[in-house]
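Visitor: Sharing a structure below in structure tokens format, with a few things to ask.
Protein chains in written order, with my numbering: chain A, -19 to 262; chain B, 7 to 732.
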């Protein structure tokens, strides 16, 4: 890496109640422009808090976040967020929800400009024809697509996704994942995404951050997904390295995340995992 | 002892009825005009003040002679100025004058001046405002809502002194009347006329510091009862006395007419004793105003004074008696059946025990007194022939006439036939409905909703029919009283027409409702307006109070919902203020705002504000974190977030608060108007209850219910329009 990374996170820790051990500490990682990074860890390790700090919605107890050369000190239109529970405003239509974001980004735009821009992103997430429906009239998958369209529509420098497909059934989730792959490939968007689903991470991510359990969680590994791009759900599991990587991640989640938290396993003591490129956290 | 009697006359008796002439013949040549009467009354008052004892005054007059006496008095008193006030027709400072009154016969001269045009003749545009009670009269005079008012005789003094209120100098223009009160007892005590046996009785009087209270206490004490220990004496506004007597809340009362006669007419009580038998010529009511008003508007005050005097002069003719009774009987004034007023004014009355009594000076108001003087045969003037002529010659304007009421025998038959007809129609409707249901089921076996709605409608209709049927049966007129009754007594009691006791029949209710609905916006004076106008006033007050409350509660609720500090700081106040009944604020509001319309709006405001405030703050505080985060990440400013995120998110909760508020406001306005209003649906109910017109009361209750339901539906629709599903 010759030049400074697009996003740099250094020494991040968060304590919610004074005197209690931090939920996570000394968290550090980087993101390159156009990179898709997933973070995986058990519940309670502070993934969402990290994402909120990146979004500027929460403040870290210590540490710093620098994006594109500037420190993150609060929410910004530079970072679009897709929330876990879609967070659509139920009194607005699909168009209204996306337009709310578009008008925030470009307050001087005329009504027609906003409308055209909204339509583009409605089409992008394949909701054409549903513009005037309210969220209550949409299925779970469609709602989350609106959420994604809203985040993309402001053309942020970085997209933060908080377990966006967690509440969806498997079939719907698959369909949207495919769309997200396609959109990201098209827009070369920088994405930071939380997930619980190993398959999802393998399908979408360029790199996977593995967190140990909280409290005192850390990023134990930064695993580069070496599966070739242009992946699809239908054939990704036929790739020879697929199960190797998947098993490694699962092993981490099942055994090592806990052992590492308790300090029993040595971070460096890896099994013979040669197929994947592996970086140790400093 | 009257002001109009010429005190400069040294003779103990009088030559003619008015006392101004040496003989009746001379008198008949001309009767005094208002100006002369007024001038004489002024001098008479001064002379009486100097020589309270009649005998001494006469001796003085005999010794010095009348002209000398007049000259001597003139040097002491500025008669000129006073007479000028009464006669000088200077430019009137203000045309519009608002006068308050309590609907009792004491107010007769004051009231009759309006329908008979005496105010108009003096260039005044007087609005007579019926008022709910003496305390309210006092407050409205002090708050300058009324320019002048009918007052209890001791009230101007009490107000001037500041007893029971802030001190405000008052002027008394005239003493309205003397006598005119009676002790009325419930019919169940008709065999218990000895006050010695009245231990444990509950009595009502109109005001604590009124002649009524003093007279009642005097009478009881005279018969060996301790008024403080042996009986209970409570204050009840005069118009509510009959209703209370009927309800059995009180055993009797010493109150003003026409409510004594009304109790007799309604067959709930009998007249035990007229107060003239306790103290003939006791004072009762007066007519007065604030001194500063008199100072600011001397010519207007003089014009008012002249108008009332002229009314007195007009009343001198006994042939005018019917005109007076009919002029003051309508809903705009006393709102009483003409026969009741006639009996009070003429003194020939049914006592409630089967006797017709003849007591000419039952009430002596200034106008009536003059009438007696001018007539060469005083007793005849108030006697049978006049009353009879009045009743027969003129269809009583205020009598409830029920066109729908058929004779008794025909009625049962009629009712049965109608019932059968109703049953048959029900049966048909039922069968039709069943057939329709079956057809529908065959077409669409799944469609259950309609059939449920149909069933519910049927059950509702059945319940309604049962209620109406029970009502109909309960109010069937009973066989009329014994045939042996004196026909005159029966007529005075209004028994010559079919009358029901208690609840009106359905037909009466229907007729009353139809009468109201046929002219919802009729306007026959400031105290008699159509139901539509009354509703408009109530709705106007509710809307205004409610809108003010919303203007305060929604922004404040936003602040409380957004700021935990504000929430904690303000919560104790809200918790203390919220449970206070809005009506408890009324006295304070009247005292500080000094305007009864504004006070009732304030009461609506105060009762609407809490549900809206609490709901708004709750709605704002519980807006989903996610939506706020969305707004934050989109860098939406505070104003934009409040207006486009928090407000729409909290709107359903705010509207729920508004719906609750509106419900409470509609409950409260009725009560508030009963307390202060002189217009509005609440006052309408109170007024009709006082008049014991239960048909109108029930009609108004139904209207209140329907309007309340419509308001609720309106807010329900608003809620649906702004609701969202998460």
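Ideal Cβ positions, reconstructed from N, Cα and C, are used throughout, including at glycine.
Can you confirm whether residue 69 (chain A), when its beta carbon is compared against all beta carbons of chain B, has any partner nearer than 7 Å?
Guide: Within the first chain, the letter at position 89 stands for residue 69 (chain A). Judged by the 7 Å Cβ criterion, residue 69 (chain A) is in contact with chain B.
Visitor: For chain B, find out if any of its Cβ atoms is closer than 7 Å to the Cβ of residue 63 (chain A); answer yes or no.
Guide: The count along the first chain starts at 1 and reaches residue 63 (chain A) at position 83. Interface residue, yes.
Visitor: Give me the Cβ distance between residue 765 (chain B) and residue 191 (chain B), rounded to the nearest whole Å; I'm assuming they're in contact under 8 Å.
Guide: Within the shown structure, residues of chain B are numbered from 7 to 732, placing residue 765 (chain B) beyond reach of any answer.
Visitor: Here's a check: name, in chain order, each residue in its chain whose Cβ is nearer than 6 Å to the Cβ of residue 563 (chain B), leaving out the five neighbours to either side.
Guide: As a position in the second chain, residue 563 (chain B) is number 557, starting the count at 1. Here the set comprises 619, 622 and 623.
Visitor: Using Cβ-Cβ distances below 7 Å, what residues of the region 710 to 731 of chain B are close to chain A?
Guide: 730 and 731
Visitor: Reducing DSSP to helix, strand and coil, say where residue 153 (chain B) ends up.
Guide: The sequence position of residue 153 (chain B) within the second chain is 147, counting from 1. Reduced to three states, the DSSP call for residue 153 (chain B) is coil.
Visitor: Name the two residues that bound the continuous beta strand (DSSP E) containing residue 202 (chain B).
Guide: Working through the second chain from its first residue, we reach residue 202 (chain B) at position 196. No beta strand (DSSP E) contains residue 202 (chain B), which DSSP labels as neither H nor E.
Visitor: My assumption, with CB atoms under 8 Å, is that residue 115 (chain B) sits in contact with residue 317 (chain B). Please give the rounded CB distance.
Guide: The sequence position of residue 115 (chain B) within the second chain is 109, counting from 1. The sequence position of residue 317 (chain B) within the second chain is 311, counting from 1. Sure, about 5 Å apart at Cβ, within 8 Å.
Visitor: Does residue 632 (chain B) have its Cβ less than 7 Å from a Cβ in chain A?
Guide: Translated into positions along the second chain, residue 632 (chain B) becomes position 626. Answer yes: the Cβ-Cβ gap between residue 632 (chain B) and chain A drops below 7 Å somewhere.
Visitor: From the DSSP output, which residues share a beta bridge with residue 355 (chain B)?
Guide: On the second chain, residue 355 (chain B) is found 349 positions in, with the first residue counted as 1. In the DSSP output, where bridge partners are listed per residue, residue 355 (chain B) has B:363.
Visitor: Identify which residue in B:584, B:660 and B:586 has its Cα closest to the Cα of residue 556 (chain B).
Guide: Position 550 of the second chain holds residue 556 (chain B). The shortest C-alpha separation from residue 556 (chain B) is found at B:660.
Visitor: Using a Cβ-Cβ cut-off of 6 Å (strictly less than) and excluding sequence neighbours within five positions of residue 410 (chain B), which residues of its own chain qualify?
Guide: Taking the second chain and counting its residues from 1, the one referred to as residue 410 (chain B) is at position 404. At residue 410 (chain B), the pLDDT of 38 sits below 50, so the modelled position is not reliable; the number obtained from the coordinates is stated separately. 513 and 517.
Visitor: Within the same chain, show all residues whose beta-carbon is closer than 7 Å to that of residue 139 (chain B), passing over the 5 residues directly before and after it, in chain order.
Guide: In the second chain, counting from the first residue as 1, residue 139 (chain B) sits at position 133. Residues of the same chain with a CB within less than 7 Å of the CB of residue 139 (chain B), apart from the 5 flanking positions on each side, are 243 in chain order.
Visitor: Ignore the nearest five residues each way along the sequence and tell me which others in residue 359 (chain B)'s own chain have a CB closer than 8 Å to its CB.
Guide: On the second chain, position 353 is the one that residue 359 (chain B) refers to. Here the set comprises 196 and 276.
Visitor: Are the C-beta of residue -4 (chain A) and some C-beta of chain B separated by less than 7 Å?
Guide: For the purposes of this step, residue -4 (chain A) is taken as the residue at position 16 of the first chain. Chain B, which has no Cβ nearer than 7 Å to the Cβ of residue -4 (chain A), makes this no.
Visitor: Give the straight-line distance between the Cα atoms of residue 92 (chain A) and residue 57 (chain A), rounded to the nearest whole angstrom.
Guide: Numbered from its first residue, the first chain carries residue 92 (chain A) at position 112. Numbered from its first residue, the first chain carries residue 57 (chain A) at position 77. The straight-line gap from Cα to Cα measures roughly 21 Å.
Visitor: Quick one: Cα of residue 115 (chain A) to Cα of residue 147 (chain A), how far?
Guide: Locating residue 115 (chain A) in the first chain gives position 135, where the first residue counts as 1. Locating residue 147 (chain A) in the first chain gives position 167, where the first residue counts as 1. Those two C-alpha atoms are separated by around 15 Å.
Visitor: Quick one: list the residues of chain B neighbouring residue 56 (chain A), beta-carbon separation under 7 Å, in chain order.
Guide: Indexing the first chain from 1 puts residue 56 (chain A) at position 76. Neighbours of residue 56 (chain A) on chain B, chain order: 641.
Visitor: Cβ atoms of residue -11 (chain A) and residue 9 (chain A): under 7 Å apart, would you say?
Guide: Within the first chain, numbered from 1, the residue matching residue 9 (chain A) stands at position 29. Within the first chain, numbered from 1, the residue matching residue -11 (chain A) stands at position 9. Their beta carbons are under 7 Å apart, which means residue 9 (chain A) touches residue -11 (chain A) by this criterion.
Visitor: Compare the C-alpha of residue 175 (chain A) against each of A:168, A:200, A:167 and A:185 and name the closest.
Guide: Position 195 of the first chain holds residue 175 (chain A). Closest option to residue 175 (chain A), Cα to Cα, is A:185.
Visitor: Can you look up residue 381 (chain B) in the DSSP assignment and give me helix, strand or coil?
Guide: Mapped onto the second chain, residue 381 (chain B) falls at position 375. Unreliable positioning characterises residue 381 (chain B) in this predicted model, as indicated by a pLDDT of 29, which lies under 50. A coordinate reading is not provided.
Visitor: Indicate whether residue 706 (chain B) and residue 691 (chain B) have their beta-carbon atoms separated by less than 7 Å.
Guide: Along the second chain, read from residue 1 onward, the residue named residue 706 (chain B) stands at position 700. Along the second chain, read from residue 1 onward, the residue named residue 691 (chain B) stands at position 685. Yes.
Visitor: Contact criterion: CB-CB distance below 7 Å. Does residue 84 (chain A) meet it with respect to chain B?
Guide: If you number the first chain from 1, residue 84 (chain A) lands on position 104. At least one chain B Cβ lies under 7 Å of residue 84 (chain A).
Visitor: Using the three-state DSSP reduction, which class does residue 180 (chain A) fall into: helix, strand or coil?
Guide: Taking the first chain and counting its residues from 1, the one referred to as residue 180 (chain A) is at position 200. Note: residue 180 (chain A) maps to helix in three-state DSSP.
Visitor: Using a Cβ-Cβ distance cut-off of 7 Å, determine whether residue 40 (chain A) contacts chain B.
Guide: Here residue 40 (chain A) refers to the residue found at position 60 when the first chain is read from its first residue. Cβ-Cβ to chain B under 7 Å: no for residue 40 (chain A).
Visitor: Could you check if residue 12 (chain B) is buried or exposed, using at least 16 other CB atoms within 10 Å of its CB as the buried criterion?
Guide: Position 6 of the second chain, counted from the start, is the residue given in the question as residue 12 (chain B). Reliability fails at residue 12 (chain B), whose pLDDT of 48 lies under 50, so the model's placement of it is uncertain and the value that follows must be treated cautiously. Residue 12 (chain B) is buried by the Cβ-count criterion.
Visitor: Let me see if you follow: with CB-CB separation under 7 Å, is residue -16 (chain A) close to chain B or not?
Guide: Numbered from 1 along the first chain, position 4 holds the residue referred to as residue -16 (chain A). Residue -16 (chain A) does not count as touching chain B.
Visitor: Would you mind reading off the limits of the beta strand (DSSP E) that contains residue 102 (chain B)?
Guide: By one-based count along the second chain, residue 102 (chain B) stands at place 96. First-last of the beta strand (DSSP E) with residue 102 (chain B): 102 to 107.
Visitor: So which residues of chain B does residue 59 (chain A) contact, with C-beta pairs closer than 8 Å?
Guide: As a working note, residue 59 (chain A) is residue 79 in the first chain. Going along chain B in sequence order, the residues near residue 59 (chain A) (Cβ under 8 Å) are 639.
Visitor: Confirm, please, whether the CB-CB distance from residue 237 (chain B) to residue 252 (chain B) is below 7 Å.
Guide: Looking up residue 252 (chain B) in the second chain gives position 246. Looking up residue 237 (chain B) in the second chain gives position 231. Cβ distance not < 7 Å, so residue 252 (chain B) and residue 237 (chain B) don't count as in contact.
Visitor: Quick check on residue 111 (chain B): buried or exposed, where buried means 16 or more other Cβ atoms within 10 Å of its Cβ?
Guide: Residue mapping note: residue 111 (chain B) aligns to position 105 of the second chain, counting from 1. That one is buried.
Visitor: Under 8 Å Cβ to Cβ from residue 200 (chain A), same chain only, skipping five residues before and after it: list those, please.
Guide: Position 220 of the first chain, counted from the first residue, corresponds to residue 200 (chain A). These residues qualify, in order along the chain: 190, 191, 192, 232, 236, 237, 240, 247 and 261.
Visitor: Quick one: what's got a C-beta closer than 8 Å to residue 214 (chain B)'s C-beta in the same chain, skipping five residues either side?
Guide: Within the second chain, the letter at position 208 stands for residue 214 (chain B). Around residue 214 (chain B): 241.
Visitor: Does the pairing of the region 664 to 674 of chain B with the region 710 to 719 of chain B give three or more beta-carbon distances under 8 Å?
Guide: yes
Visitor: When the Cα atoms are used, what is the spatial distance from residue 576 (chain B) to residue 566 (chain B)?
Guide: Taking the first residue of the second chain as position 1, residue 576 (chain B) is located at position 570. Taking the first residue of the second chain as position 1, residue 566 (chain B) is located at position 560. One C-alpha to the other measures close to 8 Å.
Visitor: Can you pull the chain A neighbours of residue 621 (chain B), defined as C-beta to C-beta under 8 Å?
Guide: Within the second chain, numbered from 1, the residue matching residue 621 (chain B) stands at position 615. What residue 621 (chain B) touches in chain A: nothing, since even the nearest Cβ is about 17 Å away.
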